[in-house]
Amino acid sequence: MLPLSLLILSAAPLVQRAACLTVTVPLTAPTAAVSVSSSLVSFSIEGDNWPDWVGTSSPNTFTNNVLNNLKTLTGSPPDIRVGANSEDRTLFSNTVPISQTIFPADSVSNPYPEASNVTVGDGYYALSRFLPSGTHMTWGINFGSNNLTAAIDEGKSILKAFSSDAVTSAGIHLDLIEIGNEPDLYGGSKRSSSWNIGQYVSTWSSFSESVASAIGLEAGTRPFVQGLAFGNSDHGAGGFSPQQAYNDGILSTSAGKLITVVSQHHYSGGCCTALVSDLMSKSFVRGNVTAFVPDIQATVSRGHKFIFGETNSYFNHGVPDVSDAAGAAIWLTDYSLFAATLGVANLYFHEGVGYKYNLIQPVTLTKSTEDATPLNPPVAPHIQAPYYGAIVIAEFLGTNSNRTVSELDISSSSTISGYALYGSNGVLEKALLIDSQAFLTTTSGARPSTAVTLKFSGSHPPTKQTLKRLAIGHADDKTGLKWGGQTYETSSGLASGTVSTTSSNVSAGVTISATEVVLITFSN
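For my numbering, add 1 to where a residue sits in the sequence shown, where the first one is 1.
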């Protein structure tokens, strides 16, 4: 038999000692702390799929359940934008009850393609009544087709729906009208190959002024106009960007004076291959968002909100086994909160039916989201892994609308990030730690972890803490996630299971594992 000391030494490689990290948490809100909306995480819905999302004769119960989950945590439902590519493929007809769509054939690379043509009637916009009470909406109008009559007809139908008893009694609010989706990409298809931002500003302003006049939009009165909605930005280099649109005088036009929100579309990368470890990495998130700081500053300095009005992981509906993997929940959490600290007011995560990056699959799927092969049996409505990121953020933000959030300085770690939340009196209430190191099914050895010591700057620090964890088996898992012991992977979309938290003295610190999120609620 080996001596005890040798037995201990031989066993040592099986256990990985936790790394150590000290994080300073200000007890009062720093000057850099930003006000964050309850609807920070919101949704953009492809217009061709809109009836599937909300229901046609009665509310889609699954959709309402998963949206109301977020409303319960923050006090407000997510904002909803409807349009996207379908926005510029939509025409209006008085003879169509709700909508008629023409879809191209599916393919292995595009199992759920977008409709090539959408024709809608009054009933299409009236479906807004099926959303959770208190929902604020943005509706898109077709600018791409350059058909002024169609755009005016759509605008009139939208306003008709939102003045109806059915929609007003449901508590649904029309905040914004968006005229045109990603007009910077019109060149060579919807416009000439020489299309530039100067031409855009001139033609959009004239077109939108005619629409606004015909449907009765007025400055200072809802609905306002959501401007730009560019697919890309060169951040002021002279091409398409908010800065150049401002320089070209868009805000001084009659239509431009109706703008209160400037939308930028942003995807973290393109299809069709990627690694979940890259998507969720701390450096990738920061590199992806900080490029927009000049755009944000130029917009906010003019008194307008800057939003990511359409966003998600990878464009063209996502990358299989990445956009729908558990690591995408880590990414969404860090990405959304980091963007908020830079001044992005809302992030509208784009959704369709069968898209790989969906947080929510609102209807039964009959073919694979990966390669269009038939599903037998079909897959019922369900949430996907990134939805947990939205839940975590909602609980972190809570119901106090006067909250502010700041990023914690954890520059000494390449994988751990953190955020602090302050109440209306500017006093620390919560912190959120995120470990974006990818722990994969192929990772060998013990799961890395870090022992975090919280050091408070200021007087009267909290003495107690309650921890709630987003538990993930592996970053490349698609199911099995649990938030505080509960799963949302249910047939109803409602949480199931007993809430699990742990309480301790703050002096005990917090241990966080790779691919994990920990919510810390402080008390005395």
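Glycine is no exception: its CB is placed at the ideal position from the N, C-alpha and C atoms. If you're wondering where the values come from, they're calculated on a predicted model, not measured in any experiment.
(1) Mark SER11 as exposed unless 16 or more other C-beta atoms lie within 10 angstroms of its C-beta, in which case mark it buried.
(2) For a quick check, are the C-beta atoms of ASN66 and LEU495 less than 8 Å apart?
(3) Does the beta-carbon of ARG303 have 16 or more other beta-carbons within 10 angstroms, so that it is buried, or is it exposed?
(4) Would you kindly report the start and end of the unbroken alpha helix (DSSP H) that includes GLY494?
(5) Could you give the residue range of the beta strand (DSSP E) that holds TRP140?
(6) Buried or exposed: which applies to LEU7, given that a residue is buried once 16 or more other Cβ atoms fall within 10 Å of its Cβ?
(7) Within 10 angstroms of the Cβ of LYS72, are there 16 or more other Cβ atoms? Answer buried if so, exposed if not.
(8) Quick one: what does DSSP say LEU327 is sitting in, helix, strand or coil?
(9) Tell me whether the segment 241 to 259 and the segment 280 to 288 touch, counting them as touching only if at least three CB pairs, one residue from each stretch, are closer than 8 Å.
(10) How big is the Cα-Cα spacing for ASN118 and SER87?
(11) How far does the beta strand (DSSP E) with ARG470 in it reach, from first residue to last?
(12) Alpha carbons only, please: which of SER214, LEU229 and SER255 is nearest the one belonging to GLN245?
(13) Within the continuous beta strand (DSSP E) that includes ASN401, where are the two ends?
(14) Sort THR342, PRO224, PHE440 and VAL263 by Cα distance to THR300 and report the nearest one.
(15) If you scan the segment 77 to 143 from start to end, which runs of the beta strand (DSSP E) of 3 or more residues do you find wholly inside it?
(16) Look at the alpha carbon of PRO463 and the alpha carbon of THR516, and state the distance between them as a whole number of angstroms.
(17) State the Cα-Cα distance for the pair LEU366 and PHE144, rounded to the nearest angstrom.
(18) Under a Cβ-count criterion, where at least 16 other Cβ atoms within 10 Å of its own Cβ denotes burial, should PRO378 be classed as buried or exposed?
(19) With a CB to CB cut of under 6 Å and the five nearest residues on each side skipped, what residues in its chain are close to TYR489?
(20) If you draw a straight line from the alpha carbon of THR374 to that of VAL109, how long is it in whole angstroms?
(21) Have a look at PHE104 and THR120 and give me their C-alpha separation to the nearest angstrom.
(22) Please work out which residues of its chain come closer than 6 Å, Cβ to Cβ, to TRP332, disregarding the five sequence neighbours upstream and downstream, and give them in chain order.
(23) Using the Cβ count rule (16 or more neighbours within 10 Å means buried), how would you classify THR512?
(24) Where GLY459 and VAL428 are concerned, what is the direct C-alpha to C-alpha distance, given to the nearest angstrom?
(25) With distances taken Cα to Cα, identify the nearest neighbour of VAL406 among ASP335, PHE225 and ASP322.
(26) Assuming ALA432 contacts VAL26 under a Cβ cut-off of 8 Å, what Cβ separation, rounded to an integer in Å, is found between them?
(27) Leaving out five residues on either side along the sequence, give the residues of the same chain with a beta carbon under 7 Å from the beta carbon of GLY239.
(28) In this structure, how does DSSP classify GLY188 when only helix, strand and coil are distinguished?
(29) Could you pull out every residue in the same chain whose Cβ sits closer than 6 Å to the Cβ of GLU210, ignoring the five residues on either side in sequence?
(30) Alpha carbon to alpha carbon, how far is ILE308 from VAL37?
(31) Comparing C-alpha positions only, which one of GLY135, SER134, GLY181 and PHE131 sits nearest to LEU92?
(32) Report yes or no: do the segment 344 to 359 and the segment 465 to 481 share at least 3 C-beta pairs separated by less than 8 Å?
(33) Just confirm the distance between the C-beta atoms of THR370 and TYR113, as a whole number of angstroms; I'd bet it's less than 8 Å.
(34) Of all the options HIS351, ALA330, ALA341 and VAL294, which has the alpha carbon lying nearest to the alpha carbon of HIS318?
(35) Quick check on the DSSP output: what are the complete alpha helix (DSSP H) runs of length 4 or more inside the segment 349 to 407, in order along the chain?
(36) I'd like the span of the beta strand (DSSP E) that includes PHE309, first residue to last.
On the basis of the supplied data:
(1) Note that SER11 has pLDDT 34, beneath the 50 cutoff, so the model's placement of it is unreliable and no number is given.
(2) In terms of Cβ geometry, ASN66 and LEU495 form a close pair [threshold 8 Å].
(3) Here ARG303 is exposed. Its C-beta has fewer than 16 other C-beta atoms within 10 Å.
(4) DSSP places GLY494 outside any alpha helix (DSSP H), giving it a letter other than H or E.
(5) 137 to 142 is the extent of the beta strand (DSSP E) around TRP140.
(6) Reliability of the predicted coordinates at LEU7 is poor, the pLDDT of 34 falling under 50, and the value obtained from them is presented with this limitation in mind. Under this definition LEU7 is an exposed residue.
(7) When all chains shown are included, LYS72 counts as buried.
(8) The question names Leu, but residue 327 in the sequence shown is Ala. Note: ALA327 maps to coil in three-state DSSP.
(9) No: the two stretches stay apart, fewer than three of their Cβ pairs being nearer than 8 Å.
(10) Each residue's Cα considered, the two are about 8 Å apart.
(11) Taken as a continuous stretch (DSSP letters only), the beta strand (DSSP E) holding ARG470 covers 465 to 472.
(12) Taking each of SER214, LEU229 and SER255 in turn and checking the Cα distance to GLN245, the smallest one comes out for LEU229.
(13) No beta strand (DSSP E) contains ASN401, which DSSP labels as neither H nor E.
(14) For THR300, the nearest C-alpha among the options comes from VAL263.
(15) List check, beta strand (DSSP E) in window: 81 to 84, 91 to 93, 100 to 103, 118 to 121 and 137 to 142.
(16) THR516 has its alpha-carbon roughly 27 Å from the corresponding atom of PRO463.
(17) Their Cα atoms are separated by approximately 32 Å.
(18) PRO378 comes out exposed.
(19) Sequence-distant Cβ neighbours of TYR489 in its own chain, meaning closer than 6 Å and more than five residues away, are ILE384 and ALA496.
(20) The alpha-carbon atoms of THR374 and VAL109 are separated by roughly 8 Å.
(21) Going by the C-alpha atoms only, they are around 12 Å apart.
(22) Closer than 6 Å at Cβ, skipping near neighbours: LEU280 and MET281.
(23) Exposed: under 16 other Cβ atoms inside 10 Å.
(24) Answer to the nearest angstrom: the Cα atoms are 10 Å apart.
(25) Measuring from the Cα of VAL406, the nearest candidate turns out to be ASP335.
(26) The Cβ separation is near 6 Å, so the contact holds.
(27) Close CB contacts of GLY239 within its chain, under the 7 Å cut and outside five residues either way in sequence, are with GLN245 (chain order).
(28) Three-state result, GLY188: strand.
(29) The residues are SER255 and ALA256.
(30) In a straight line, the C-alpha of ILE308 is about 12 Å away from that of VAL37.
(31) The shortest C-alpha separation from LEU92 is found at GLY181.
(32) With a cut-off of 8 Å, the segment 465 to 481 and the segment 344 to 359 do not count as touching, because too few Cβ pairs lie within range.
(33) Separation of the CB atoms of THR370 and TYR113 is rounded to 7 Å, and the pair is thereby assigned contact status at 8 Å.
(34) Residue HIS351 is the option with its Cα nearest to HIS318.
(35) Qualifying alpha helix (DSSP H) stretches, in chain order: 388 to 398.
(36) That run of the beta strand (DSSP E) goes 306 to 315.
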